[in-house]
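Engineer:
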Amino acid sequence: MNNNKFSEDTYEIVCPYCFKRYSNYKALFVDYRNTSEETYPEYEEYLRYFLGTESFGGRKMPLYFQKRQNDGIPSVFAAGTASGEVSYVRACPHCCNLLPALAGKVKTVSVVVTGSDDAERSFYIASVLHRLNRDMLAGFGASFMPADLRTANLFYEQYEEPLYARGLVPEAAASIAPLVYEFGRQGAAEPEEWKGNAVTYNSALVYIYNIDRDLCERYPMIAYNAIARADGFAVITDLAEAAPSDDPAYDPWLGYLTDTFRKVFGAFPCDRPSALIMTKADKVFGDDKKWAAVMKGDNADRIEKAVPTPAFKARSDKAEAVFRTRIPAHYSAYSALFGRETSMYFPERTFFEPNEDGTASVNDCRIPEASFEWLLSKFSILPENAAKSFTITL
110 MNNNKFSEDT YEIVCPYCFK RYSNYKALFV DYRNTSEETY PEYEEYLRYF LGTESFGGRK
170 MPLYFQKRQN DGIPSVFAAG TASGEVSYVR ACPHCCNLLP ALAGKVKTVS VVVTGSDDAE
230 RSFYIASVLH RLNRDMLAGF GASFMPADLR TANLFYEQYE EPLYARGLVP EAAASIAPLV
290 YEFGRQGAAE PEEWKGNAVT YNSALVYIYN IDRDLCERYP MIAYNAIARA DGFAVITDLA
350 EAAPSDDPAY DPWLGYLTDT FRKVFGAFPC DRPSALIMTK ADKVFGDDKK WAAVMKGDNA
410 DRIEKAVPTP AFKARSDKAE AVFRTRIPAH YSAYSALFGR ETSMYFPERT FFEPNEDGTA
470 SVNDCRIPEA SFEWLLSKFS ILPENAAKSF TITL
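Just so we're aligned, residue 110 is where the sequence shown starts under this note's numbering, counting upward by one.
(1) Do three or more CB pairs link the stretch 436-451 to the stretch 378-388 at distances below 8 Å?
(2) Evaluate SER196 with the Cβ neighbour count: other Cβ atoms within 10 Å of its Cβ, from every protein chain shown; 16 or more gives buried, anything less gives exposed.
(3) Here's a check: name, in chain order, each residue in its chain whose Cβ is nearer than 8 Å to the Cβ of TYR333, leaving out the five neighbours to either side.
(4) At the level of alpha carbons, what is the spacing between SER486 and ARG322?
(5) According to DSSP, is PRO361 part of a helix, a strand, or is it coil?
(6) Going along the chain, which residues of its own chain have a beta-carbon closer than 7 Å to the beta-carbon of ALA349, five neighbours each way excluded?
(7) Using the beta-carbon count (16 or more within 10 Å), is ALA200 buried or exposed?
(8) Given a threshold of 16 other Cβ atoms within 10 Å of its Cβ, counted over all protein chains shown, does ASP140 qualify as buried or as exposed?
(9) Pick helix, strand or coil for GLU326, following the three-state DSSP scheme.
(10) Since I believe ARG338 is in contact with GLY219 (beta carbons under 8 Å), could you give me their beta-carbon distance rounded to a whole number of angstroms?
(11) What does DSSP give as the partner residues of THR217 in its beta bridges?
(12) If you measure between the beta carbons of ASN319 and ARG294, is that distance less than 8 Å?
(13) Evaluate contact between the stretch 227-240 and the stretch 269-276, counting only Cβ atoms and requiring at least three cross-stretch pairs below 8 Å.
(14) Applying the criterion that 16 or more other CB atoms from any shown protein chain within 10 Å of the CB defines a buried residue, is ASP226 buried or exposed?
(15) Buried or exposed for GLY248, please, with buried defined as at least 16 other CB atoms from any protein chain shown within 10 angstroms of its CB.
(16) Should ALA283 go down as buried or exposed, given a rule of 16 or more other Cβ atoms within 10 Å for buried?
(17) Rounded to the nearest angstrom, what separates ALA187 and GLU194 at their Cα positions?
(18) For THR434 and THR217, what's the separation of their Cα atoms in angstroms?
(19) Report yes if the C-beta distance between ALA256 and PRO209 is below 8 Å; otherwise report no.
(20) Do you know whose CA, among TYR443, GLU121 and ASP347, lies nearest GLU457's CA?
(21) Who are the near neighbours of VAL315 in its chain, counting only those whose CB is closer than 7 Å to its CB and skipping five residues on each side?
(22) With C-beta atoms as the reference, is TYR120 less than 8 Å away from CYS204?
(23) Going by beta carbon distance, what residues of the same chain come within less than 7 Å of GLY181, once the five residues before and after it are set aside?
(24) What would DSSP say about PRO101, mapped onto helix, strand or coil?
(25) Please report the residue range of the alpha helix (DSSP H) in which PHE377 lies.
(26) Find the nearest neighbour of HIS239 within the set ALA136, LEU366 and ALA479, judged by alpha-carbon distance.
(27) Please classify GLY167: does DSSP put it in a helix, a strand, or coil?
(28) Return the bridge partner residues of THR119 from the DSSP annotation.
(29) Just to confirm before moving on: does the CB-CB distance between VAL344 and ILE285 stay below 8 Å?
(30) Under DSSP, the alpha helix (DSSP H) around THR418 begins and ends at which residues?
(31) Tell me the rounded alpha-carbon separation between LEU484 and ALA384.
(32) Can you tell me whether ARG230 is buried or exposed? The criterion is at least 16 other CB atoms within 10 Å of its CB, across all chains shown.
(33) Considering only the alpha carbon of each residue, which of VAL431, GLY375 and ALA251 lies closest to PRO492?
(34) Taking the continuous alpha helix (DSSP H) assigned at ILE234, which residues delimit it?
(35) For LEU207, write down the residues that DSSP places opposite it in a beta bridge.
(36) Three-state secondary structure (DSSP) at ASN408?
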């Protein structure tokens with residue numbers, strides 16, 4: 110395994126807000142004690158996009174500065190301020206947004222979660238990140254947690270607390286701001302199950318974007334850049350919405366997704382890892398004997414130690430065959446958007462049933478994090494078990 114030994118030129122900074130890539134030498138430092146009389150149009154734009162305001166609340170702007178050392182080379186991770194203190198807080202030189210502490214120090218990947226149903230997409234993010242934060246240590250000897258206080262607060266208030274504390278049906282994302290997570294595995298001996306697997310990174314930053322049609326229309330610059338720069342996709346399809354007519358035009362979101370991907374990737378299928386998550390499959394294909402074979406043995410066994418790609422692939426192939434037969438027009442649309450060699454079908458039962466009082470009865474027998482763990486394995490962050498004999502009950 111690569112120990113991620115750092116040098117200033119090992120990794121680029123990737124801003125999670127404006128998507129610019131640049132070396133560690135170009136980052137600015139923030140001095141909160143000293144203020145600036147200057148205005149920062151870029152920062153006002155950031156406030157407008159991500160905080161919904163163009164006002165800094167009447168306060169003076171903090172001072173953004175670049176500190177050069179005696180040899181003329183800019184400081185990288187710490188700089189002395191005018192008041193004699195040391196600043197470790199860095200900001201993007203293009204949009205003045207604060208950078209994660211690990212930016213430029215470890216591998217950075219981004220995942221776009223998109224889909225037709227707001228509630229199911231938000232439920233997916235809530236349950237996946239909640240479970241990974243809880244189970245990553247036991248399953249993989251690693252941690253997966255918010256990289257900063259903003260992400261911790263956003264995830265708790267928008268996703269985790271409504272679902273897990275109040276049992277409410279998740280709502281659509283109110284902000285296009287990403288969730289920034291840190292993956293880390295330090296100090297422990299490499300498990301025997303990891304031997305021979307393509308695990309490259311024991312530390313990484315993961316940016317997660319929740320993007321729907323409304324956010325694409327409200328923030329096209331941010332949304333299209335997030336899609337264009339994404340390293341992978343989790344695409345959630347509500348089969349109950351797609352199945353009634355087998356006409357792609359019946360599903361306006363699919364048409365919009367097709368148009369968006371054509372603008373970003375052109376006429377060729379997207380060649381980046383894509384988890385195609387098909388929800389409510391039990392309601393649509395429940396009478397299909399072939400589908401029953403796909404879902405046989407479905408339970409809550411947790412993936413541990415290695416991602417079972419061969420088992421996923423076998424199940425994906427069976428699900429794809431049913432999808433192709435029962436909803437051929439929609440299948441053709443997906444085949445044109447996502448490369449077969451880089452995509453994987455993840456059939457799912459209904460995530461939750463909404464109650465009349467606005468709460469949700471969660472179907473907790475599924476392991477929705479499996480699709481996200483597969484994506485992390487495609488980024489060489491989690492190990493894949495490539496042995497043909499490896500099996501797992503899904």
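Where is the CB? At the ideal position from N, CA and C, for every residue including glycine.
Structural biologist: Inspection of the coordinates gives the following:
(1) The answer is yes - the stretch 378-388 touches the stretch 436-451, with three or more Cβ pairs under 8 Å.
(2) By the beta-carbon neighbour count (other beta carbons within 10 angstroms, threshold 16), SER196 is buried.
(3) So the qualifying residues of the chain are CYS325, THR369, LYS372 and VAL373.
(4) Going by the C-alpha atoms only, they are around 28 Å apart.
(5) In the structure shown, PRO361 falls within a helical segment according to DSSP collapsed to helix, strand and coil.
(6) The beta carbon of ALA349 sits closer than 7 Å to the beta carbons of LYS389, LYS392 and VAL393 from its chain, once the five residues preceding and following it are set aside; these are given in chain order.
(7) By the 16-neighbour rule on beta-carbons within 10 angstroms, ALA200 is buried.
(8) It counts as buried.
(9) GLU326 falls in the helix class under three-state DSSP.
(10) Checking the sequence shown, residue 219 turns out to be Ser, not Gly. Right, their Cβ atoms sit about 6 Å apart.
(11) Assignment of beta-bridge partners to THR217 by DSSP yields LEU314.
(12) No.
(13) Segments in contact, yes.
(14) Note on ASP226: 16 or more other CB atoms within 10 angstroms of its CB, so buried under the neighbour-count rule.
(15) With 16 or more other Cβ atoms within 10 Å, it is buried.
(16) Counting the other CB atoms within 10 Å of its CB gives ALA283 a total below 16, which places it among the exposed residues.
(17) Using only the alpha carbons, I get a separation of about 10 Å.
(18) One alpha carbon belongs to THR434, the other to THR217, and they sit about 39 Å apart.
(19) Contact: yes.
(20) It is ASP347.
(21) Leaving aside the five residues that flank VAL315 on each side, the residues in its chain whose CB is nearer than 7 Å to its CB run, in chain order, VAL218, VAL220, TYR290 and PHE292.
(22) No, Cβ-Cβ distance for TYR120 and CYS204 is not below 8 Å.
(23) Here GLY181 scores only 47 on pLDDT, less than 50, and its place in the model should not be relied on; the value that follows carries that caveat. No residues qualify anywhere along the chain.
(24) In this structure the chain extends from 110 to 503, so residue 101 is not present and cannot be described.
(25) From DSSP, PHE377 is part of no alpha helix (DSSP H); its letter is neither H nor E.
(26) ALA479 is the residue among ALA136, LEU366 and ALA479 whose C-alpha sits nearest the C-alpha of HIS239.
(27) For GLY167, the predicted model reports a pLDDT of 44, less than 50, meaning its position is unreliable; a value from the coordinates is still stated below. For GLY167, the secondary structure class from DSSP, reduced to helix, strand or coil, is coil.
(28) Checking the DSSP bridge columns, you'll see THR119 has no partner listed.
(29) Not a contact, by the Cβ cut-off of 8 Å.
(30) 418-435 is the span of the alpha helix (DSSP H), which, as asked, contains THR418.
(31) Roughly 7 Å separates the two Cα atoms.
(32) Its Cβ being crowded by 16 or more others within 10 Å, ARG230 is buried.
(33) Measuring from the Cα of PRO492, the nearest candidate turns out to be ALA251.
(34) Its alpha helix (DSSP H) spans residues 227-249.
(35) The partner list for LEU207 (beta bridge, DSSP) reads ALA200.
(36) Bear in mind that a pLDDT of 43 at ASN408, under 50, signals an unreliable position, so the number given afterwards is only what the model happens to contain. Of the three classes helix, strand and coil, the one that applies to ASN408 here is coil, per DSSP.
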